[in-house]
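Chemist: Below is a structure I'd like to ask you about.
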Amino acid sequence: MSILSGKKIVLGISGGIAAYKTTFLTRLLVKAGASVKVVLTPAARDFVTPLTLSTLSKNPVISSFTNEDDENDLWNNHVELGLWADLMIIAPATANTLSKMVTGNIDNLLLAVYSSAKCPVFFAPAMDLDMYKHPSTGYNFEKLACYGNYMIPAGEGELASGLSGVGRMAEPEEIISFIENQLHIEQPLHGKKCLITAGPTHESIDPVRFIGNHSTGKMGMALAHDLASRGAAVTLIMGPSNIIQEHVNITRIDVVSAQEMYDAVHKYISHQDVAIFSAAVADYRPANPAQQKIKKSSETLHIELIRNPDILGSVGMMQHKPFLVGFALETEKELENAFAKAKKKNTDLLILNSMNDAGAGFGTDTNKITIIDKAGKTLKFPVKSKQMVAKDIIDEIIKRTF
């Protein structure tokens with residue numbers, strides 16, 4: 000999955016021959032999962048048609064503050080569009096448009112949207128060789144960088160004038176790659192490694208029966224996706240679950256039993272920056288699982304259970320452990336039991352949820368948590384979606400570690 004998936008992007012197109020490439024760029028952005036709205040300068044309409052771009056972007060294309068063919072049409076709100084965008088791309092950025100971006104000469108809708116944008120702005124210069132080398136152009140590049148904009152370097156090759164040199168707008172694939180790389184670099188968890196356990200474990204009684212619980216893995220998957228979306232490389236060790244994982248930054252390891260989860264954790268735990276143990280691990284397993292299906296032969300059945308390995312506790316005892324986050328699901332004396340678990344397992348944070356709270360527990364799309372830190376301080380949160388709960392937890396981890 001591209002980091003652009005779900006992003007709201009304003010694509011601004013100014014009047015240059017390279018504008019024809021924006022049809023391919025629009026298609027690639029939409030294919031990456033972005034929502035794209037296109038703004039043309041009046042001159043850009045001479046090079047690429049609104050009909051083509053609206054068809055590819057699946058959104059109306061605008062180029063003026065009002066529809067010139069309908070005097071009763073609503074005003075196109077540049078402020079609203081600038082605030083809507085998660086990022087803005089100006090391609091091609093002609094010498095004329097670059098100069099106006101620097102000086103604040105807002106004489107068309109594209110420049111008005113640019114001046115209102117509160118998001119990162121990427122621009123891809125496109126002009127002839129002599130224009131590209133002119134001192135004023137270099138000055139404009141420097142000023143726009145000082146303003147916080149990102150320049151996508153022009154390529155070298157044959158230009159519209161017939162000259163050959165620097166000034167060709169980057170190819171659509173290069174523009175996408177540049178933006179994706181920049182977004183990855185600037186993510187708060189870029190370069191960090193995180194391990195998560197999620198879901199239940201199943202402990203075999205015989206080939207067809209097991210001891211398990213009602214965990215679905217939804218909370219763990221939400222945590223994995225939030226970490227991955229912030230740039231972390233995530234190793235997700237998942238017990239039996241039907242949840243589909245799609246993010247490119249997540250490496251999923253499927254396990255069944257607590258012993259398999261323990262072995263997988265200790266295989267991958269080294270060099271992790273953060274470890275979050277959200278799995279609902281069975282505390283006990285049958286001592287002697289039957290090799291064949293157990294038949295009904297009496298009114299009662301006795302199964303000897305033995306302790307499973309303590310995954311969280313074993314990591315808490317490591318000399319060079321990662322920042323450690325555990326989960327505690329309680330049904331009584333919630334805070335008292337959670338404080339005891341946090342101390343015993345040597346967690347940096349413990350996430351408490353109670354089966355007594357409406358909207359919390361297994362199988363729901365919501366959760367209600369209390370975060371307990373090493374000093375015993377607590378942070379309580381209301382019922383939220385598990386995606387928002389994951390965000391709260393990861394925000395707290397970032398605040399305390401990076």
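For reference, each letter of the sequence shown is one residue, going 0 to 401 in numbering that gives the first Met the number 0. Cβ atoms here follow ideal geometry from the backbone N, Cα and C, with glycine treated the same way. These numbers were taken from a predicted model, which means no experiment stands behind them.
#1: Between the beta-carbon of A123 and the beta-carbon of P91, is there less than 8 Å?
#2: Report the partner residues of T369 according to the DSSP bridge assignment.
#3: Along the chain, which unbroken stretches of the beta strand (DSSP E) at least 3 residues long are found entirely within the region 119 to 207?
#4: Determine the direct distance from the alpha carbon of P152 to that of L108, and round the result to whole angstroms.
#5: Starting from the C-beta of E395, find all residues in its chain whose C-beta is less than 8 Å away, skip the five residues before and the five after it, and write them out in chain order.
#6: With a Cβ-Cβ cutoff of 8 Å, do K292 and P239 count as a contact?
#7: Restricting to Cα atoms, I'd like to know which of G198, S62, K383 is closest to N241.
#8: On the criterion of 16 or more Cβ atoms from any shown chain inside 10 Å, does E185 qualify as buried, or is it exposed?
#9: Tell me which residue opens and which closes the beta strand (DSSP E) that P285 is part of.
#10: Looking at C-alpha atoms only, which residue of P285, G15, A169, T200 is the closest neighbour of D45?
#11: Where does the unbroken beta strand (DSSP E) through V47 begin, and where does it stop?
#12: From the DSSP secondary-structure annotation, give me the bridge partner or partners of F322.
#13: Assuming the contact rule is C-beta atoms closer than 8 Å, A231 and P308 should be a hit. Round their C-beta distance to whole Å, please.
#14: How about T250 and L226: do their beta carbons lie closer than 8 Å?
#15: Determine which residues share a DSSP beta bridge with T250 and list them.
#16: Using the DSSP secondary-structure output, state which residues sit across from M87 in a beta bridge.
#17: Count Cβ pairs between the region 292 to 301 and the region 336 to 350 that sit closer than 8 Å; are there 3 or more?
#18: Can you have a look at K381 and say buried or exposed, based on whether 16 or more other CB atoms are within 10 angstroms of its CB?
#19: Got a sec, what are the start and stop residues for the beta strand (DSSP E) L304 sits in?
#20: Within 10 Å of its beta-carbon, does P134 have 16 or more other beta-carbons around it, so buried, or fewer, so exposed?
#21: Tell me the rounded alpha-carbon separation between C118 and E179.
#22: Using DSSP with H/G/I as helix, E/B as strand and the rest coil, what is A341?
#23: Could you say if the region 185 to 195 and the region 152 to 161 meet the contact criterion of at least three C-beta pairs nearer than 8 Å?
#24: From A274 to A357, what does the alpha carbon distance come to, in whole angstroms?
#25: V120 and I89: beta carbons closer than 8 Å?
#26: Under 8 Å by Cβ, that's how I've got P285 and S384 pegged, so tell me the actual separation to the nearest angstrom.
#27: On a Cα-Cα basis, can you pick out the residue from G315, A359, A94 that is closest to S13?
#28: Do the region 209 to 226 and the region 276 to 284 meet, that is, are 3 or more Cβ pairs less than 8 Å apart?
#29: Please list the terminal residues of the continuous alpha helix (DSSP H) segment that includes V264.
#30: Starting from K36, follow its DSSP beta bridges and name the residues at the other end.
#31: For S296, name the three-state secondary structure that DSSP assigns.
#32: Only counting the same chain, and skipping five residues up and downstream in sequence, which positions put a Cβ closer than 7 Å to that of M220?
#33: Quick one: give me the first and last residue of the alpha helix (DSSP H) that F23 is part of.
#34: Using three-state DSSP, classify S53 as helix, strand or coil.
#35: Report the option in G32, H301, L222, A125 whose CA atom is closest to the CA atom of M168.
#36: Assuming V112 is part of the alpha helix (DSSP H), what are its boundary residues?
Modeler: This is what the structure holds:
#1: Residue mapping note: residue 123 aligns to position 124 of the sequence shown, counting from 1. Residue mapping note: residue 91 aligns to position 92 of the sequence shown, counting from 1. Result yes, Cβ atoms of A123 and P91 sit closer than 8 Å.
#2: As a first step, residue 369 must be located in the sequence shown, where it is residue number 370. For T369, which the question treats as bridged, DSSP gives the partners L351, K379.
#3: 120 to 124, 154 to 157, 163 to 167, 192 to 197, 202 to 205
#4: Walking along the sequence shown from the start, residue 108 turns up at place 109. Walking along the sequence shown from the start, residue 152 turns up at place 153. Roughly 25 Å separates the two Cα atoms.
#5: The sequence position of residue 395 within the sequence shown is 396, counting from 1. Taken in chain order, the residues that qualify are L348, I370, L378.
#6: Along the sequence shown, read from residue 1 onward, the residue named residue 292 stands at position 293. Along the sequence shown, read from residue 1 onward, the residue named residue 239 stands at position 240. No, the pair does not count as a contact, with Cβ atoms beyond the cut-off.
#7: Taking the sequence shown and counting its residues from 1, the one referred to as residue 241 is at position 242. When only C-alpha atoms are compared, the closest one is G198.
#8: What you label residue 185 is simply residue 186 of the sequence shown in a count that begins at 1. That one is exposed.
#9: Here residue 285 is taken as the residue at index 286 of the sequence shown, counted from 1. Its beta strand (DSSP E) spans residues 283 to 285.
#10: For the purposes of this step, residue 45 is identified with residue 46 of the sequence shown, where counting begins at 1. Of the candidates P285, G15, A169, T200, the one whose C-alpha sits nearest the C-alpha of D45 is G15.
#11: Counted from its first residue, the sequence shown places residue 47 at position 48. Counting along the chain, V47 falls outside any beta strand (DSSP E), and DSSP gives it neither H nor E.
#12: Counting from 1 along the sequence shown, the entry for residue 322 is found at position 323. F322 is bridged to V273.
#13: Along the sequence shown, one-based indexing puts residue 231 at 232. Along the sequence shown, one-based indexing puts residue 308 at 309. That belief does not hold up - the Cβ atoms of A231 and P308 are roughly 26 Å apart, past 8 Å.
#14: Stepping through the sequence shown from its first residue, residue 250 is reached at position 251. Stepping through the sequence shown from its first residue, residue 226 is reached at position 227. Taking 8 Å as the Cβ cut-off, T250 and L226 do not qualify as a contacting pair.
#15: As a first step, residue 250 must be located in the sequence shown, where it is residue number 251. Answer by DSSP bridge pairing, in chain order: T234.
#16: Sequence index remark: in the sequence shown, residue 87 carries index 88 (1-based). Answer by DSSP bridge pairing, in chain order: V9, V120.
#17: no
#18: Within the sequence shown, numbered from 1, the residue matching residue 381 stands at position 382. Position check: residue 381 holds Pro in this sequence, whereas Lys was assumed. Burial call: exposed.
#19: Against the sequence shown, residue 304 aligns to sequence position 305. Where L304 is concerned, the enclosing beta strand (DSSP E) stretches over 304 to 306.
#20: Translated into the one-based positions of the sequence shown, residue 134 becomes position 135. Classification for P134: exposed.
#21: Translated into positions along the sequence shown, residue 118 becomes position 119. Translated into positions along the sequence shown, residue 179 becomes position 180. Their backbone Cα atoms lie some 15 Å apart in a straight line.
#22: As a first step, residue 341 is located in the sequence shown; it is residue number 342 there, counting from the start. The answer is helix: DSSP assigns A341 an H, G or I state.
#23: no
#24: Along the sequence shown, one-based indexing puts residue 274 at 275. Along the sequence shown, one-based indexing puts residue 357 at 358. Whole-angstrom Cα-Cα distance: 28 Å.
#25: As a first step, residue 120 must be located in the sequence shown, where it is residue number 121. As a first step, residue 89 must be located in the sequence shown, where it is residue number 90. Yes; because the gap between Cβ atoms is below 8 Å, this pair is in contact.
#26: In the sequence shown, the residue the question calls residue 285 occupies position 286. In the sequence shown, the residue the question calls residue 384 occupies position 385. Actually they do not touch by this definition, with Cβ atoms about 37 Å apart.
#27: Walking along the sequence shown from the start, residue 13 turns up at place 14. When each option's Cα is compared against that of S13, the closest is A94.
#28: yes
#29: In the sequence shown, the residue the question calls residue 264 occupies position 265. Element bounds for V264: 257 to 267.
#30: Residue mapping note: residue 36 aligns to position 37 of the sequence shown, counting from 1. K36 is bridged to V9.
#31: Numbered from its first residue, the sequence shown carries residue 296 at position 297. S296: coil per DSSP, three-state reduction.
#32: Residue 220 sits at position 221 when you count from the first residue of the sequence shown. Taken in chain order, the residues that qualify are A197, I242, Q244.
#33: Position 24 of the sequence shown, counting from 1, holds the residue named residue 23. Here the alpha helix (DSSP H) through F23 covers 21 to 30.
#34: Numbered from its first residue, the sequence shown carries residue 53 at position 54. Three-state result, S53: helix.
#35: Counting from 1 along the sequence shown, the entry for residue 168 is found at position 169. Checking every option, the nearest Cα to that of M168 belongs to A125.
#36: Indexing the sequence shown from 1 puts residue 112 at position 113. Note, V112: alpha helix (DSSP H), 108 to 115.
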